[in-house]
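Only one structure is covered here, and it is reproduced in the block below.
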Amino acid sequence: NAGVTQTPKFRILKIGQSMTLQCTQDMNHNYMYWYRQDPGMGLKLIYYSVGAGITDKGEVPNGYNVSRSTTEDFPLRLELAAPSQTSVYFCASSYPQGTTNEKLFFGSGTQLSVL
Amino acid sequence: QQQVKQSPQSLIVQKGGISIINCAYENTAFDYFPWYQQFPGKGPALLIAIRPDVSEKKEGRFTISFNKSAKQFSLHIMDSQPGDSATYFCAAHNYGQNFVFGPGTRLSVLP
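Protein chains in written order, with our numbering: chain A, 7 to 121; chain B, 586 to 696.
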């Protein structure tokens, strides 16, 4: 059982370049999330999705886009990379909120540097 | 009101000692308070969680103490071990909303 799989693990981008961070889960979870983690700042929610075809902005969505065409996949797109987007990105999934199981399952992260 | 405060930022404890991490919140609508543990190079993983209808929850060496009137909750790690060295995040959640995470505490347990 793979859980939440993120690729790539590391990436260096030049300012202005674009890239897509991939995330897939095999637990048939409805909810999926993208977080960024910066030192001393905790986890900040970028975008989330409550099911295929439905996405919504989180706390820090500027500079990012997402899509959710299937239950399993939730890619995060950076269109014009900026140094402020240097961070560690985590994808997560969970059962629907309000159920007895509200556990977030995280991937192992993507470390992105924009130079 | 959506902020969760966490302290200390870092903590050094001797092996066998007690590690205590504190969190505070403002939003009284929060109804679920988990703690996540993160090892270097890994994603966070759920460690233990509590709901506000109880004041304490214990799982092995890990205990959450919850004070609803003070809007505070804390994680206690008894008999701390070097393998407990990690970053710990508290979080808060209420139905229909997303999780709000504290800034994290880096714990180092010295052998």
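Think of the CB as a built atom: it goes at the ideal place given N, C-alpha and C, for glycine as much as any other residue. In this text the structure is predicted, and so the values were computed from the model without any measurement.
Which residues in the same chain as residue i place their Cβ atom closer than 6 Å to its Cβ, once the five residues preceding and following it in sequence are excluded?
i: A:Gln117; result: Phe16, Val94
i: B:Gln657; result: Ala609
i: B:Ser640; result: Phe651
i: B:Lys653; result: Pro637
i: A:Arg27; result: Reading off the sequence shown, one finds Leu at residue 27 of chain A, where the question assumed Arg. If we look at A:Leu27 and ignore the five residues flanking it on each side, its Cβ neighbours are Leu82, Tyr95, Thr116.
i: B:Ser595; result: Arg691
In chain B, which residues lie less than 9 Å from residue i when you measure between Cβ atoms?
i: A:Glu85; result: Under the 9 Å cutoff, chain B gives no residues; its nearest Cβ is about 24 Å from A:Glu85.
Excluding the 5 residues preceding and the 5 following residue i in the sequence, name in chain order all residues of the same chain whose CB lies nearer than 8 Å to its CB.
i: A:Leu110; result: Tyr39, Ala98, Ser99, Ser100
i: B:His678; result: Phe615, Asp616, Tyr617, Phe618, Pro619, Phe684, Val685
By a C-beta neighbour count over all protein chains shown, 10 Å radius and 16 as the cutoff for buried, is residue i buried or exposed?
i: A:Phe80; result: buried
i: A:Ala8; result: exposed
i: A:Arg74; result: buried
i: A:Gly59; result: exposed
i: B:Ile603; result: exposed
i: B:Ile662; result: buried
i: A:Thr76; result: exposed
i: A:Gln13; result: Correcting the residue type first, residue 13 of chain A is Thr in the shown sequence and not Gln. Exposed, since its Cβ has fewer than 16 Cβ neighbours within 10 Å.
i: A:Leu49; result: buried
i: B:Ile688; result: Here the sequence assigns Pro to residue 688 of chain B, which means Ile is not the residue at that position. By the 10 Å Cβ count, B:Pro688 comes out buried.
i: A:Glu108; result: buried
i: A:Thr30; result: buried
i: A:Ser119; result: exposed
i: B:Gly628; result: buried
i: A:Tyr37; result: buried
i: A:Ala87; result: buried
In chain A, what lies closer than 8 Å to residue i by C-beta?
i: B:Gln594; result: Gly46
Mind listing the chain B neighbours of residue i? Cutoff is C-beta to C-beta under 7 Å, in chain order.
i: A:Gly113; result: Gly628
i: A:Glu108; result: Tyr617, His678
Name the chain D residues whose beta carbon is nearer than 7 Å to that of residue i?
i: B:Asn607; result: Note that chain D does not occur in the displayed structure, where the protein chains are A and B.
Residues of chain A with a CB under 7 Å from the CB of residue i: which are they?
i: B:Ala687; result: One detail in the question is off: residue 687 of chain B reads as Gly in this sequence, not Ala. Chain A residues near B:Gly687: Gly48.
What residues in its chain sit with their C-beta under 7 Å from that of residue i, if we drop five residues either side in the sequence?
i: A:Phe112; result: Val10, Phe96, Ala98
Could you work out which residues of chain B lie near residue i, taking near to mean beta carbons separated by less than 8 Å?
i: A:Phe16; result: Chain B residues near A:Phe16: none, gap ~11 Å exceeds 8 Å.
i: A:Phe96; result: Gly628, Pro629
Just by C-beta distance, which residues in the segment 41-74 of chain A are closer than 7 Å to chain B? Gly46, Met47, Gly48, Leu49, Leu51, Tyr54, Gly64
Could you name the residues of the segment 609-633 of chain B whose beta carbon sits closer than 9 Å to any beta carbon of chain A, in the order they occur along the chain?
Tyr617, Pro619, Tyr621, Gln623, Gly626, Lys627, Gly628, Pro629, Ala630, Leu631
- Count the CB pairs spanning the segment 42-60 of chain A and the segment 597-617 of chain B that are closer than 8 Å, and state whether there are at least three. no
Segment contact, 8 Å Cβ cut-off, at least three pairs: the segment 17-24 of chain A with the segment 69-77 of chain A
no
| message | Could you check whether the segment 670-680 of chain B touches the segment 588-601 of chain B, counting it as contact only if at least three pairs of C-beta atoms, one from each stretch, sit closer than 8 Å? | response | yes
Quiz item: According to a CB-to-CB cut-off of less than 9 Å, which residues of the segment 642-669 of chain B neighbour chain A?
Solution: none
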